[in-house]
Amino acid sequence: MTRLDPYRFAGRTAVLTGAASGIGEQLAYGLAQRGSDLVLVDVDEYRLNPVAARIRTDHPGLTVQTIVADLADRAAVEDVATRLPSTIGLLINNAGIALGGRFDQVSVEQFEQVMNVNFRAPMLLTHALLPALVASPGSHLVNVSSLFGLIAPPGQSAYCASKFALRGLSESLRGELAENGVGVTTVHPGGIRTRIAESALIGSGVPESEVEPNRKLFDALLSFPADRAAEQILKAVTKRKARLLIAANAKGPDLLQRLMPVGSANIIRSLTAASVRAAGRQKVGAGQ
Amino acid sequence: MNHLDVRGSRIRFHETGDPAAPPVVLLHGIGRSLEDWEPQHSRFQDGYRVISIDMPGFGLSQRMPTPTTLPVLADGVWATLDALGETRPVHLMGNSLGGAVSMTMLAAAPDRVATLTLVNSAGFGKEVTWALRILAVPGLGRTMLRNIDKRTAPRVERTLFRDRALVTPERVEMAVRIARQPDFAPVYLEIARELGGFGGVAPGWRSTLLATLAGLNKPTMITWGDRDRILPSTHLAAARAAFPHARSHMFRETGHMPQIERPDEFAGLVRPMLAEVAA
Chain A
1 MTRLDPYRFA
11 GRTAVLTGAA
21 SGIGEQLAYG
31 LAQRGSDLVL
41 VDVDEYRLNP
51 VAARIRTDHP
61 GLTVQTIVAD
71 LADRAAVEDV
81 ATRLPSTIGL
91 LINNAGIALG
101 GRFDQVSVEQ
111 FEQVMNVNFR
121 APMLLTHALL
131 PALVASPGSH
141 LVNVSSLFGL
151 IAPPGQSAYC
161 ASKFALRGLS
171 ESLRGELAEN
181 GVGVTTVHPG
191 GIRTRIAESA
201 LIGSGVPESE
211 VEPNRKLFDA
221 LLSFPADRAA
231 EQILKAVTKR
241 KARLLIAANA
251 KGPDLLQRLM
261 PVGSANIIRS
271 LTAASVRAAG
281 RQKVGAGQ
Chain B
1 MNHLDVRGSR
11 IRFHETGDPA
21 APPVVLLHGI
31 GRSLEDWEPQ
41 HSRFQDGYRV
51 ISIDMPGFGL
61 SQRMPTPTTL
71 PVLADGVWAT
81 LDALGETRPV
91 HLMGNSLGGA
101 VSMTMLAAAP
111 DRVATLTLVN
121 SAGFGKEVTW
131 ALRILAVPGL
141 GRTMLRNIDK
151 RTAPRVERTL
161 FRDRALVTPE
171 RVEMAVRIAR
181 QPDFAPVYLE
191 IARELGGFGG
201 VAPGWRSTLL
211 ATLAGLNKPT
221 MITWGDRDRI
231 LPSTHLAAAR
241 AAFPHARSHM
251 FRETGHMPQI
261 ERPDEFAGLV
271 RPMLAEVAA
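Quick mapping for you: the protein sequence lines, in order, are chains A and B. Just so you know, the first sequence maps onto residues 1 to 288 in full-length UniProt numbering. Just so you know, the second sequence maps onto residues 1 to 279 in full-length UniProt numbering.
Following this line, the structure appears as structure tokens:
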């Protein structure tokens, strides 16, 4: 495989989905600081506009475009693709949604919505932008999968399916695009402090009594600050790393999964429960 | 070029534009001269009194009698402006060491500064080219600086630019001429040793200065070239953290002197900030 030069941010355009909060918002600030022009995509206009405004004030030399779009909608994703510049240095598929509940507790529609945002949208965008990426040599693609793109705990079937799919696409593309001088990084965040727990969908068949404990569990695992996660991602892009695991609590389970692909589920479940209890007891979260 | 007598030393400066227009003051880096700002004179002189100065002991200016430190350089520039009759608030721009001098000037006289523009400025991290660190090794520094001639000067110039076409015979000739000045090596070593050592840029003066300036909230632009081989562009993040109120810009495929390598972009970026302050 040919070795790519380090990615240079200044003067290139970066397209970023899910830019209004969490890791995406921090990625936007980090990209601007490194001199990238930006196209910021998010469904949440009221959170996206202040992010863009702040960047325009701090970095008057940059071009910042915002696109409000619901990536669950196929036509909306295709529309986004038509509104982007003809050459792009970096595409970061970061937007994602969560869905809690056992497989029998979630509806098929909900399952599909998760697949549409987390997998179909990155697939469509990447497919549409491939010519623009290949057109500028040394460009780069980032797909933000998840810790749950490496392991699959119970109660996360749709989320895991979507993130495993994205990882598969991403890793396969890395080999394909290397010939064209385009780098690919697959990111697997563990517990990053973002809005994903707050904005998670809840399976329609999940009893009310289980909703709050589940949300709390998810929330307690999310202890790693988003700005540090964004810095790690941008460093990995510079170095053209194939895979990036973020937050200490993403690394252990990955190793476990590689060593014992089947028996690991129970261990992870008990460790997760233990770390959540620990997080509840003290201020120190599972990822710190 | 003109000369002025400042505190008994002959200081060289270059001035263009209407003397009644708001003043812009341009400061070069270590071992350099006002020629490093030449491209910006024509880009500001239509609306500003543009003054570039060979700081005391650099370029073709004589040194100050006391050892060269940041406060001595800052005082030398303020005194030069006094001698020019320029007492209004100035738009200060400094490249590399000139950035650190600009910050020192701002700390000393906040009311005399309208805006601050830092171009690949010293002061935001310890990393600096090995060439400057080696100067701190006793004996080595003087030898190195004595050896700047027609053969070695192009090598030094090449580290400053991304685009090698900018290493012109004129620039090389000027570098050799500067290096032949009697005060060149002593002043160079005095300031290099004050700012840092073999371990890089020392944290002491940096943290004091940044803490002083952060509270002033002066309109500030911080720029960097992403291919700077003297002070790495990663310092821009530290600069933004130190000055949360500042605007910033990273120039693409650009080395240590964006004001030369990206002259139009640079002026286009900075002029709106200057105009806002005037309004």
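Think of the CB as a built atom: it goes at the ideal place given N, C-alpha and C, for glycine as much as any other residue. Because the structure is a prediction, the values reported are computed rather than measured.
Does the beta carbon of residue i sit closer than 8 Å to a beta carbon anywhere in chain A?
i	result
B:Glu157	no
B:Leu195	no
B:Pro272	yes
B:Ala275	no
B:Ala107	no
B:His256	no
B:Ala237	yes
B:Met1	no
B:His249	yes
B:Leu231	no
B:Leu269	yes
B:Arg164	no
B:Arg171	no
B:Arg43	no
B:Arg240	yes
Any beta-carbon of chain B closer than 8 Å to the one on residue i?
i	result
A:Glu232	Residue identity differs from the one stated: residue 232 of chain A is Gln in this sequence, not Glu. Not closer than 8 Å to any Cβ of chain B, the Cβ of A:Gln232 fails to qualify, so no.
A:Ala14	no
A:Gly168	no
A:Arg102	no
A:Arg8	yes
A:Gly11	yes
A:Lys283	At A:Lys283 the pLDDT is 34, less than 50, meaning the model places this residue with poor confidence; the figure from the coordinates comes in the next sentence. Output row for A:Lys283: interface = no.
Excluding five sequence neighbours on each side, which residues of the same chain lie with their C-beta closer than 7 Å to the C-beta of residue i?
i	result
B:Met250	Trp224, Asp226, Ser233, Leu236
A:Arg281	Residue placement at A:Arg281 is poorly supported in this model, since its pLDDT is 43, which falls under 50; the coordinates are not used for a value here.
A:Arg3	none
A:Glu45	Val68
A:Val206	Gly100, Gly101, Gln105
B:Trp37	Leu26, His28, Ser52, Gln259
A:Lys163	Asn118, Ser145, Ser146, Phe148, Gly149
B:Asp183	Gly57, Gln62, Arg63
Give the C-beta separation of residue i and residue j to the nearest angstrom, bearing in mind that I take them to be a contact with Cβ-Cβ under 8 Å.
i	j	result
A:Gly30	A:Glu231	6 Å
B:Ala267	B:Phe44	7 Å
B:Ile11	B:Leu97	Contact doesn't hold; Cβ gap of about 16 Å is too wide.
A:Val182	A:Ser170	Not really, about 12 Å apart at Cβ, beyond 8 Å.
B:Ala214	B:Ala242	6 Å
B:Ser33	B:Asp54	5 Å
B:Val119	B:Met93	7 Å
B:Val24	B:Val113	At roughly 12 Å, the Cβ-Cβ gap does not stay under 8 Å, so B:Val24 and B:Val113 are not in contact.
A:Ala95	A:Ala128	Going by Cβ atoms, the distance from A:Ala95 to A:Ala128 rounds to 15 Å, so no, they are not a contact pair.
B:Leu269	A:Pro60	7 Å
A:Thr66	A:Asn93	About 17 Å; that fails the 8 Å criterion.
B:Gly59	B:Phe161	In fact, because the Cβ distance is near 19 Å, the residues do not count as touching under 8 Å.
In chain order, what residues of the same chain lie with their CB nearer than 6 Å to the CB of residue i, ignoring the 5 residues before and after it?
i	result
B:Ile134	Leu140
B:Trp205	none
B:Gly29	Asn95, Ser96, Leu97, Gly98
A:Asp70	Val43, Ala76
B:Arg7	Ala79
Sorted by chain position, which residues of the same chain lie with C-beta nearer than 8 Å to residue i's C-beta, five sequence neighbours on each side aside?
i	result
B:Glu127	Gly200, Val201, Leu231, Pro232, Thr234, His235
B:Pro263	Pro39, Gln40, Arg43
A:Thr13	Ser36, Asp37, Leu38, Val39, Thr63, Pro85, Thr87, Ile88, Gly89, Leu90
B:Ala109	Trp78
A:Lys283	Residue placement at A:Lys283 is flagged as unreliable, the pLDDT there being 34, under the threshold of 50; the coordinate-derived value follows with that caveat. Closer than 8 Å at the Cβ level, and outside the excluded window around A:Lys283, lies no residue.
B:Arg164	Arg158
A:Met1	With a pLDDT of 48 at A:Met1, under the threshold of 50, the modelled position of this residue cannot be trusted; read the value that follows with caution. Excluding sequence neighbours, A:Met1 sits near Gly175, Ala178.
B:Met87	Residue identity check: residue 87 of chain B is Thr in the sequence provided, not Met. Here the set comprises Leu81, Arg112.
For chain E, check one thing: does any of its Cβ atoms lie closer than 8 Å to the Cβ of residue i?
i	result
B:Glu253	The structure shown contains no chain E; the protein chains it does contain are A and B.
Cβ-based contacts, 9 Å cut-off: residues of the stretch 39–69 of chain A near chain B: Here the close residues are Thr57, Asp58, His59, Pro60, Gly61, Leu62.
Give me the subset of the stretch 20–37 of chain A whose CB atoms are less than 7 Å from a CB atom of chain B, sorted by chain position. Residues passing the 7 Å Cβ filter: Gln33, Arg34, Gly35.
Beta strand (DSSP E) runs contained entirely in the stretch 101–151 of chain A, provided each spans 3 or more residues: Here the runs fully enclosed are 140–144.
What beta strand (DSSP E) runs, 3 residues minimum, are completely inside the stretch 189–265 of chain B? Within the stretch 189–265 of chain B, the complete beta strand (DSSP E) runs of at least 3 residues are 220–225, 247–251.
Ordered list of alpha helix (DSSP H) runs contained in the stretch 29–75 of chain A, each at least 4 residues: Fully enclosed alpha helix (DSSP H) runs of 4 or longer: 45–58.
Going residue by residue through the stretch 44–68 of chain B, where are the continuous beta strand (DSSP E) segments of at least 3 residues, counting only ones entirely within it? Listed in chain order, they are 49–53.
Taking Cβ-Cβ distances below 8 Å as the criterion, which residues of the stretch 157–181 of chain A are in contact with chain B? Those residues of the stretch 157–181 of chain A that come within reach of chain B (Cβ to Cβ, closer than 8 Å) do not exist; the list is empty.
Return the residues of the stretch 203–229 of chain B that lie within a Cβ-Cβ distance of less than 7 Å from chain A, sorted by chain order. Taking 7 Å as the Cβ-Cβ cut-off, the stretch 203–229 of chain B approaches chain A at Asp226, given in chain order.
Threshold first: 3 residues or longer. Then list the beta strand (DSSP E) segments lying entirely within the stretch 81–107 of chain B, N to C. Runs of the beta strand (DSSP E) lying entirely within the stretch 81–107 of chain B and spanning at least 3 residues, in chain order: 90–95.
Counting only runs that start and end within the stretch 123–167 of chain B, where is the alpha helix (DSSP H) found for 4 or more residues in a row? Runs found: 130–134, 140–146, 153–158.
Please go through the stretch 161–197 of chain A and give each complete beta strand (DSSP E) segment of 3 or more residues, from N-terminal end onward. Segments of the beta strand (DSSP E) lying fully in the stretch 161–197 of chain A: 183–189.
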